[in-house]
Amino acid sequence: MTVFEYAPAPESRAIVDIRASYGLFVDGAFVEGRGTAFKTVNPATEEVLAEVAEASDADVNTAVAAARKAYEKVWSRMSGAERAKYLYRIARIIQERSRELAVLESIDNGKPIKESRDVDVPTAAAYFFYYAGWADKLEHSGYGTTPLGVAAQVIPWNFPLLMLAWKIAPALACGNTVVLKPAETTPLTALLFAEICQQADLPPGVVNIVTGAGATGHALVGHASVDKVAFTGSTEVGKAIARTVAGTTKKVTLELGGKAANIVFDDAPLDQAVEGIVNGIFFNQGHVCCAGSRLLVQESIADDLLARLKRRMSTLRLGDPLDKNTDIGAINSREQLERIRALCDIGEAEGAERWAPACDLPSAGFWFPPTLFTGVTQAHRIAREEVFGPVLSVLTFRTPAEAVEKANNTPYGLSAGVWSDKGSLILKVAAQLRAGVVWANTFNKFDPTSPFGGYQESGYGREGGRHGLAAYLKGHQ
Ligand code: NAP
Ligand code: MG
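Shown next, in the form of structure tokens:
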């Protein structure tokens with residue numbers, strides 16, 4: 114038998130010009146920060162990529178003032194049709210510069226290039242195209258036409274450019290201006306986006322990017338002169354933000370964590386379900402708020418399904434995020450890697466059985482193999498808490514009612530998956546699941562026309578679709 118040596122197929126990083134240092138993007142220009150600059154690293158190699166300015170409280174002040182001025186003097190006075198031209202222009206530039214954005218995203222975040230290239234960047238462009246279309250049609254939105262003013266937006270590190278698009282596109286379409294803080298570990302695509310705003314001739318101050326860590330985010334959401342707070346990240350920080358803005362007139366949307374159930378019934382097409390399970394939990398290293406992190410499988414097919422799943426997991430290729438064949442890239446940071454390790458150790462200590470395929474981890478960088486826990490009970494912490502890594506907990510059920518009860522036994526409520534050959538069963542189960550999104554015979558599908566958001570500790574408000582406009586227009590929650 115011929116044995117083939119694996120030949121890597123890395124995407125060239127020559128297309129990206131990473132500067133040695135970056136300032137803040139305020140009032141249409143890059144300016145120095147008054148805080149202590151920090152470094153962003155490539156999590157696959159630990160190489161320092163650039164030094165990034167930290168926005169102090171005073172810098173946040175300046176950025177909010179710039180956004181306020183642009184709101185009052187320019188953006189809120191412009192017709193929707195004019196605003197749309199800018200949004201379409203931004204969408205087209207994202208497409209034109211898509212390779213550059215994808216490579217930069219993979220280098221700064223650690224995600225596989227095939228995901229940044231085929232999902233993150235095209236979907237980010239799609240959100241700008243979609244909301245550009247709404248800008249001159251707000252009277253048909255059902256939520257009025259009056260913008261709120263200045264939006265403070267804080268986003269996480271798992272989908273840096275895509276979360277930026279989810280936040281900025283609807284805000285601008287509705288006539289608001291924004292100050293956005295990217296996550297400390299993944300600021301680079303937001304800074305490239307700032308250049309795209311310049312390239313699109315977006316009026317100064319309409320978009321401002323303030324880099325920094327939690328303190329910068331805290332200063333931004335607590336600023337007296339912002340009218341809207343939009344946050345995506347952990348439930349813990351989301352709760353702190355809700356406390357900060359309580360008692361003010363600021364409108365708030367929170368997109369927080371999740372612990373989605375992916376429910377497989379005995380009549381499901383099993384090989385398709387295995388692909389959906391793999392996509393549900395190993396896409397983006399499991400750093401996904403709506404990840405299908407709890408597999409609920411009907412007892413009668415559990416052995417068969419798990420055997421197929423293990424076989425499939427053994428074929429996943431982990432390694433260089435820029436290699437076009439890589440399925441699982443690097444964990445975004447050492448802190449996140451340590452969180453994942455700690456929760457997995459607890460899973461074992463609590464009695465669940467841990468399995469991972471044989472997998473060589475690179476010596477530098479932050480890596481975690483695709484991992485499966487069986488023998489999990491609902492009381493186990495790995496079944497209750499968000500791991501936010503490539504770790505799947507498997508539970509079994511006997512009846513649809515038991516599946517629904519177990520799926521809903523979580524403080525979260527962001528997403529769920531149902532796999533069955535019977536449409537009637539899917540509809541019946543989906544109607545009983547307390548989750549913002551339920552995917553049927555598929556998983557992790559995102560589309561700008563479709564609203565996304567959660568129940569309970571997964572937050573409130575919707576992003577995407579017509580519903581996503583409500584968060585940025587006056588008088589409607
Ligand atoms: P996080 O702390 O909630 O970070 C989200 C964003 O909020 C980041 O930009 C962060 O800044 C900023 N931030 C932190 N403290 C803040 C504060 N007091 N006020 C305002 N903004 C603040 O999330 P994380 O620490 O990166 O991850 C922790 C856990 O959260 C993960 O293990 C995962 O379970 C969950 N998570 C969920 C999502 C999601 O999409 N639902 C995304 C990321 C993480 P810096 O990052 O720059 O410090
Ligand atoms: Mg980084």
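So for the sequence shown, the working numbering puts the first residue at 114; every next one is plus one. Glycine residues also receive a C-beta, built at the ideal position from the N, C-alpha and C atoms.
Per-residue DSSP class, three states only, for residue i
| i | result |
| --- | --- |
| ARG132 | coil |
| SER537 | helix |
| ASP118 | Correcting the residue identity first, residue 118 is Glu in this sequence and not Asp. Looking at GLU118 - three-state DSSP - the assignment turns out to be coil, as it is neither helix nor strand. |
| TYR585 | helix |
| GLN491 | coil |
| VAL350 | helix |
| LEU315 | coil |
| LYS364 | strand |
| ALA180 | helix |
| ASN573 | Reading off the sequence shown, one finds Tyr at residue 573, where the question assumed Asn. DSSP places TYR573 in strand when its eight states are reduced to three. |
| PHE143 | strand |
| TRP247 | helix |
| VAL292 | strand |
| ILE206 | helix |
| VAL542 | helix |
| PHE306 | helix |
| PRO269 | coil |
| GLU167 | coil |
CB of residue i within 9 Å of CB of residue j, strictly
| i | j | result |
| --- | --- | --- |
| THR345 | LYS280 | yes |
| PHE481 | ARG454 | yes |
| LEU214 | ALA237 | yes |
| ARG132 | ALA168 | no |
| PHE151 | GLY325 | yes |
| GLU368 | SER571 | yes |
| THR348 | GLU499 | yes |
| GLY578 | TRP552 | no |
| CYS287 | TRP247 | yes |
| THR439 | LYS250 | no |
| TYR243 | THR562 | yes |
| PHE306 | VAL323 | no |
| LEU450 | ILE441 | no |
| THR523 | PRO503 | no |
| ALA584 | PRO283 | yes |
| LEU301 | VAL165 | yes |
| THR290 | VAL154 | no |
| ILE394 | VAL267 | no |
Cβ neighbours of residue i in the same chain (closer than 6 Å, five flanking residues each side left out)
| i | result |
| --- | --- |
| LYS341 | LEU261, ALA264, LYS364 |
| ALA157 | GLY223, PRO434, ALA443, GLY478 |
| GLN590 | Unreliable positioning characterises GLN590 in this predicted model, as indicated by a pLDDT of 48, which lies under 50. The coordinate reading is nonetheless provided below. No residues qualify anywhere along the chain. |
| PHE559 | THR236 |
| LEU315 | TYR199 |
| ALA303 | LEU277, PRO295, ILE322 |
| LEU474 | TRP480 |
Residue i Cβ short of 8 Å to the ligand NAP heavy atom set
| i | result |
| --- | --- |
| GLY346 | yes |
| TRP552 | no |
| TRP532 | no |
| GLY262 | no |
| LEU304 | no |
| CYS457 | no |
| GLY371 | yes |
| GLU297 | yes |
| ARG407 | no |
| ILE322 | no |
| GLN449 | yes |
| ARG452 | yes |
| LYS152 | no |
| ALA353 | yes |
| TRP270 | yes |
| PHE510 | no |
| VAL161 | no |
| LYS363 | no |
| GLU228 | no |
Close-in-space but distant-in-sequence residues of the same chain around residue i (CB under 7 Å, 5 per side omitted)
| i | result |
| --- | --- |
| GLU159 | ALA477, GLY478 |
| ARG230 | ALA215 |
Residue-chain proximity (residue i, chain B), Cβ-Cβ < 9 Å
| i | result |
| --- | --- |
| ILE444 | Of the protein chains in the structure, only one exists, and it is not chain B. |
Residue i Cβ short of 8 Å to the ligand PLP heavy atom set
| i | result |
| --- | --- |
| THR562 | In terms of ligand content, the structure shown lacks the ligand PLP and carries the ligand NAP and the ligand MG instead. |
Please confirm if the region 267-281 is in contact with the region 248-257, defined as three or more CB-CB distances below 8 Å between the two stretches.
Taking 8 Å as the limit for Cβ pairs, the verdict is that the region 248-257 does not touch the region 267-281.
Would the region 404-411 and the region 369-383 be scored as touching if the rule is three or more Cβ pairs under 8 Å?
Here the region 404-411 lies against the region 369-383, with 3 or more beta-carbon pairs under 8 Å apart.
Inspect the CB distances between the region 171-184 and the region 134-146 and report whether three or more fall short of 8 Å.
The region 171-184, when compared against the region 134-146, does touch it at the 8 Å Cβ threshold.
Tell me whether the region 378-389 and the region 491-498 touch, counting them as touching only if at least three CB pairs, one residue from each stretch, are closer than 8 Å.
No, they do not touch.
The region 178-195 touching the region 501-518, judged by at least three CB pairs closer than 8 Å
Taking 8 Å as the limit for Cβ pairs, the verdict is that the region 501-518 does not touch the region 178-195.
Answer yes if the region 456-465 comes into contact with the region 413-430, meaning at least three C-beta pairs across the two stretches below 8 Å, and no otherwise.
No, the region 413-430 does not touch the region 456-465.
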